[in-house]
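Note sheet for the following structure.
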Amino acid sequence: MSTVSTYAAIEIGTSKVVVLIGEILDGKTLNLLGVGVQKSKGVRKGKIVDFRAASHCTHTAILEAEAAAGVKVNFVFLSQTGAHLVSNFNKGSTLVRSSDNRVTKEDMKRAISDAKSKQLHVNRVYIHYVQNPFYLDGARVEDPFDCQGDRLEVGYLSIHGDERTIKDHIHVINGIGLHVEDMIVASVASGASVADDSDKKMGVLVIDIGSGTTDYVLYRDGYIVKTGAVPIGGDHITNDLRFGLRVDHENAEMIKKTYGKAIIDPSDYDEKIWLRTDPEGGLTIGDRQIRKRGIYQIVNARVDELFTIIQDELGGFLDPKHIGAGLILTGGSSRLNGIEKVAGSCLGLVATKTPISSSADPINSPENSTVVGLLTYALKHPNEGKTRGKKKSLMGKLSTILSF
Amino acid sequence: MRRLNKVKEKHWSNIKQDVGRKPITFAAFRRKIFKSCKFGIILALIAGFFTFLVSGFYYVRGHPIDVNLSGPVEPIQSIRFHSDGVLSPEWLKNVHGIQRGASLMDVDIFSLKRKLESFGQVDQAEVQRHFPSTLKVTIKELEPVMRVRLSRGSGFQDLLIASEGQIFNGFDYPKSFLSKLPFLATDSLVKEGNQYQNIKEIQQIYPLIEHAKRNYSKIYSTWRVISYKNLAETDLGIGAFVYVRSSIVDKIIFRPLDYKVQMSRLSVALKTTIESGINYLGVVDLSLKNTAILELASR
Chain A
0 MSTVSTYAAI
10 EIGTSKVVVL
20 IGEILDGKTL
30 NLLGVGVQKS
40 KGVRKGKIVD
50 FRAASHCTHT
60 AILEAEAAAG
70 VKVNFVFLSQ
80 TGAHLVSNFN
90 KGSTLVRSSD
100 NRVTKEDMKR
110 AISDAKSKQL
120 HVNRVYIHYV
130 QNPFYLDGAR
140 VEDPFDCQGD
150 RLEVGYLSIH
160 GDERTIKDHI
170 HVINGIGLHV
180 EDMIVASVAS
190 GASVADDSDK
200 KMGVLVIDIG
210 SGTTDYVLYR
220 DGYIVKTGAV
230 PIGGDHITND
240 LRFGLRVDHE
250 NAEMIKKTYG
260 KAIIDPSDYD
270 EKIWLRTDPE
280 GGLTIGDRQI
290 RKRGIYQIVN
300 ARVDELFTII
310 QDELGGFLDP
320 KHIGAGLILT
330 GGSSRLNGIE
340 KVAGSCLGLV
350 ATKTPISSSA
360 DPINSPENST
370 VVGLLTYALK
380 HPNEGKTRGK
390 KKSLMGKLST
400 ILSF
Chain B
0 MRRLNKVKEK
10 HWSNIKQDVG
20 RKPITFAAFR
30 RKIFKSCKFG
40 IILALIAGFF
50 TFLVSGFYYV
60 RGHPIDVNLS
70 GPVEPIQSIR
80 FHSDGVLSPE
90 WLKNVHGIQR
100 GASLMDVDIF
110 SLKRKLESFG
120 QVDQAEVQRH
130 FPSTLKVTIK
140 ELEPVMRVRL
150 SRGSGFQDLL
160 IASEGQIFNG
170 FDYPKSFLSK
180 LPFLATDSLV
190 KEGNQYQNIK
200 EIQQIYPLIE
210 HAKRNYSKIY
220 STWRVISYKN
230 LAETDLGIGA
240 FVYVRSSIVD
250 KIIFRPLDYK
260 VQMSRLSVAL
270 KTTIESGINY
280 LGVVDLSLKN
290 TAILELASR
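Same order as they appear, the protein sequences are chains A and B.
Oh and the first sequence: position 93 is 92 in numbering that gives the first Met the number 0, straight run, nothing missing.
Oh and the second sequence: position 227 is 226 in numbering that gives the first Met the number 0, straight run, nothing missing.
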């Protein structure tokens, strides 16, 4: 008998809240059922600054997605983003204890617990532990069990975040009567969505440029070695245009989307465009012309700054020799013209953008790569859910059966 | 280990989630109302289902349903009668009282069985319905081994005695059969209601009759009256005697033990006396251990 579980992937972003409902059949097949998108309110750079407003738009998006999917949600996967997220790479090591120097399960457990034993500051909580390969006497081994050696080492990438920010996100979901089953950082989710296994094996950097934050994840040899979030996104470009060109927010957003280029393109930078104040497009007093060069310079400066910050954060990890598959740009702001060229030259990698689909197919658009990635991650890591294995009360089981 | 536990506690999954809080948005309120309604409907359905079950149970208990498991039933066409004795279908016709045209299910077979077994001659009766239209009656009769004569005013009445001492009024027996049964001479008949109590001395006499009938039928055919006396009133057989009056011996005395030897001795004695030309004897006493005493007599 096939088992069907209905999951909702929720991303509470700076510009929008996206809820994607999918069902996983027998833990193998993912069917996307419906999507709900609402303009975000009360969220800034991944942090909830107005709980009621954030709850309102999130709950509305959930109802919209449920109506589109025609099902009620059982489980929620929540993405987490923002500058509060920090990743640490911790190494654990142990001496092989058996007399014949063969590695036992106990040795492996000791190395893992040593790697995970790093204490956190108060008000910080772990979100992920991503295991890296074992090393036995300095040589990499996929499974060290029963291999001969003296010293066993293992690396763990631990991602942790601010407890209060995470609590706020969870309580928004709890507010509509749903329980958060698993939490996945946005960068990891986007990586699961846009990079395939061969990319990860060759080494790939995935950068998800959202409105308020930019998340990145670096894979090497199939493992996540670095992840993080930068509090700069598409909104900063809009703000720069607004102040630089002295226009309102709507016009700045329109200019960014219509004329914005991340590179200073000499082929058309002398062209002028009209900045109109009439919402219906008519010419009125006060309307003026500006050169495209100004737009390009503003956008280029901010985009260049963004990738420079990422370059600084990646530091020694950014070695093109180990990142054979190059750079993949995703997220809503990756639609910006020429952004891949700036990223490529700044980070020294071959950069590509995720294919941009038509607006009629929101599932495959780069804006939604995080939510799609949440479901993909859940499908690929069925046992990693932190609360999925927890025992439920009798009423909890009953409500799950009756799909309350 | 303690250190590791501390680290585990710092995982996001240990943050307490409160899904049952008061909704703060209209969407949450709507969803909660929907959930409550759904829960209420399901509870109502479950409650309704159980109410239906319980009320159905009480209704059925108060109004038992007749379930016909008998198949098609027709009026009784035939009554199959079988007896291991002398009773005939005509006797059954007089006894059963079944109305003409009655169906099988109209006959109370248990009542009929009791009625048949109340007839003294019937030891056991079995009544079966054979669908669609046959009633089967099987009778096991008592086997009479003796008879007892009672005086009734100016006349008399003969009753029959079965092997276990039951006394009954014989029905349908041929006279030739009855005339061969020896009489029991007794003064211990006790009447209980319309019936007599079983006669106990038959337990001492019956083995002798059975042995004589089977092995010495010629001698047995001459026996007319048999009686039993226990002078010592003990169960040991000392002082107890069985007396037989036959057509050729006035009194044959048996000890109620080891009839095989005594009958053999009687046979020899009678053979010897008949061969000697003596046709009638007064007493043959077989109750002594190793000898038989013969007393001659004339008719």
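Heads up, the beta-carbon is just placed ideally off N, CA and C, and yes, glycines get one too.
Near the ligand GTP: residue i beta-carbon under 7 Å from a heavy atom
| i | result |
| --- | --- |
| I40 of chain B | By its list of ligands, the structure shown contains no ligand whatsoever, and the ligand GTP lies outside what it can speak to. |
Those residues which DSSP pairs with residue i across a bridge
| i | result |
| --- | --- |
| A239 of chain B | B:N229 |
| T28 of chain A | A:L24 |
| S157 of chain A | A:N87, A:Y128 |
| G154 of chain B | B:R151 |
| E140 of chain B | B:V121 |
| S336 of chain A | It should be pointed out that residue 336 of chain A corresponds to Asn in this sequence rather than to Ser. Paired residues: A:K260. |
| L183 of chain B | B:I225 |
| A190 of chain B | For the sequence presented, residue 190 of chain B should be read as Lys rather than Ala. B:Y195. |
| I9 of chain A | A:V18, A:L77 |
| L293 of chain B | B:V283 |
| F170 of chain B | Per DSSP, none; premise fails for F170 of chain B. |
Best match in the options for proximity to residue i [C-alpha to C-alpha]
| i | options | result |
| --- | --- | --- |
| L348 of chain A | A:G259, A:A114, A:L317, A:N363 | A:L317 |
| V224 of chain A | A:P132, A:E105, A:S4, A:E339 | A:P132 |
| K256 of chain A | A:G331, A:A52, A:K71 | A:G331 |
| K379 of chain A | A:E162, A:R43, A:V187 | A:V187 |
| S368 of chain A | A:D207, A:K340, A:R287 | A:D207 |
| N73 of chain A | A:I23, A:S98, A:R109 | A:I23 |
| A184 of chain B | B:E200, B:Q194, B:L177, B:R113 | B:E200 |
| F167 of chain B | B:K179, B:V144, B:S153 | B:V144 |
| G285 of chain A | A:W273, A:K260, A:D136, A:E249 | A:W273 |
| T13 of chain A | A:L31, A:T28, A:S4, A:D49 | A:D49 |
| S220 of chain B | B:F182, B:E191, B:S82 | B:F182 |
| F88 of chain A | A:I338, A:L313, A:V140 | A:L313 |
| G84 of chain B | B:G192, B:K139, B:L42, B:S150 | B:K139 |
| E163 of chain B | B:E209, B:F170, B:F51, B:I32 | B:E209 |
| K217 of chain B | B:Y195, B:S245, B:K228 | B:S245 |
| H120 of chain A | B:D257, B:S263, B:N289, B:K9 | B:K9 |
| K115 of chain A | A:E252, A:G91, A:L151 | A:G91 |
| S117 of chain B | B:K31, B:Q194, B:S275, B:I32 | B:Q194 |
| D113 of chain A | A:V129, A:T237, A:V153 | A:V153 |
| V42 of chain A | A:G209, A:P143, A:C345 | A:G209 |
Cβ distance (whole Å) where residue i is taken to contact residue j below 8 Å
| i | j | result |
| --- | --- | --- |
| F240 of chain B | I225 of chain B | That belief does not hold up - the Cβ atoms of F240 of chain B and I225 of chain B are roughly 11 Å apart, past 8 Å. |
| G174 of chain A | Y218 of chain A | Their Cβ separation, rounded to whole angstroms, is 35 Å, which puts G174 of chain A and Y218 of chain A out of contact at 8 Å. |
| G160 of chain A | Q79 of chain A | 6 Å |
| L19 of chain A | V371 of chain A | 7 Å |
| Y6 of chain A | A377 of chain A | 6 Å |
| G323 of chain A | G202 of chain A | 5 Å |
| T307 of chain A | I327 of chain A | No, T307 of chain A and I327 of chain A are not in contact; Cβ-Cβ is about 19 Å, not under 8 Å. |
| A53 of chain A | G35 of chain A | Contact flag wrong, Cβ pair sits at about 15 Å. |
| G176 of chain A | K31 of chain B | 6 Å |
Close beta carbons around residue i, own chain, < 6 Å, minus the five adjacent residues each side
| i | result |
| --- | --- |
| D239 of chain A | I297, R301 |
| L115 of chain B | V121, A124 |
| Q37 of chain A | V16, C56, T59, A60 |
| R128 of chain B | L103 |
| D145 of chain A | R101 |
| I255 of chain B | Residue identity differs from the one stated: residue 255 of chain B is Pro in this sequence, not Ile. Hits under 6 Å: Q203, G236, A239, V241. |
Contacts around residue i, its chain only, beta-carbon distance under 8 Å, and the 5 residues preceding and following it disregarded
| i | result |
| --- | --- |
| A82 of chain A | K44, G45, T212, A228, V229, P230 |
| S77 of chain B | S132, T133, L134 |
| K340 of chain A | A261, I262, A350 |
| S97 of chain A | T103, D106 |
| Y268 of chain A | R290, K291, R292, Y295 |
Own chain residues within Cβ distance below 7 Å of residue i, not counting five before or after
| i | result |
| --- | --- |
| L373 of chain A | A8, F76, S78, I183, A188 |
| N336 of chain A | G259, K260, A261 |
| A268 of chain B | V283, A291, L293 |
| I126 of chain A | Q79, I158, H159, G160, M182, V184 |
| G388 of chain A | Bear in mind that the predicted position of G388 of chain A carries a pLDDT of just 44, short of 50, making it unreliable; the figure below should be weighed with that in mind. So no residue of the chain qualifies. |
| N100 of chain A | Q147, G148, D149 |
| Y381 of chain B | Because chain B here runs from 0 to 298, residue 381 of chain B falls outside it and cannot be looked at. |
Taking a cut of 7 Å between CB atoms, which residues from the stretch 6-25 of chain B lie near chain C? Looking at the structure shown, chain C is missing, and the protein chains on hand are A and B.
Taking the runs of the alpha helix (DSSP H) that are 4 residues or longer, which of them lie wholly in the stretch 95-153 of chain A? The qualifying runs are 104-115.
For the stretch 247-290 of chain B, list the beta strand (DSSP E) runs that are entirely contained and at least 3 residues long, ordered along the chain. You should have 248-253, 280-284.
Complete runs of the alpha helix (DSSP H) confined to the stretch 262-332 of chain A [at least 4 residues]: You should have 291-313.
Can you list the beta strand (DSSP E) stretches of 3 or more residues lying completely in the stretch 176-228 of chain A, in chain order? Those beta strand (DSSP E) runs which fall completely within the stretch 176-228 of chain A and span 3+ residues are 179-184, 203-208, 213-219.
Which parts of the stretch 44-130 of chain B are runs of the beta strand (DSSP E), unbroken and 3 residues or longer, counting only runs that do not cross its ends? Every beta strand (DSSP E) of 3 residues or more that sits fully in the stretch 44-130 of chain B is shown, in chain order, as 77-82, 121-129.
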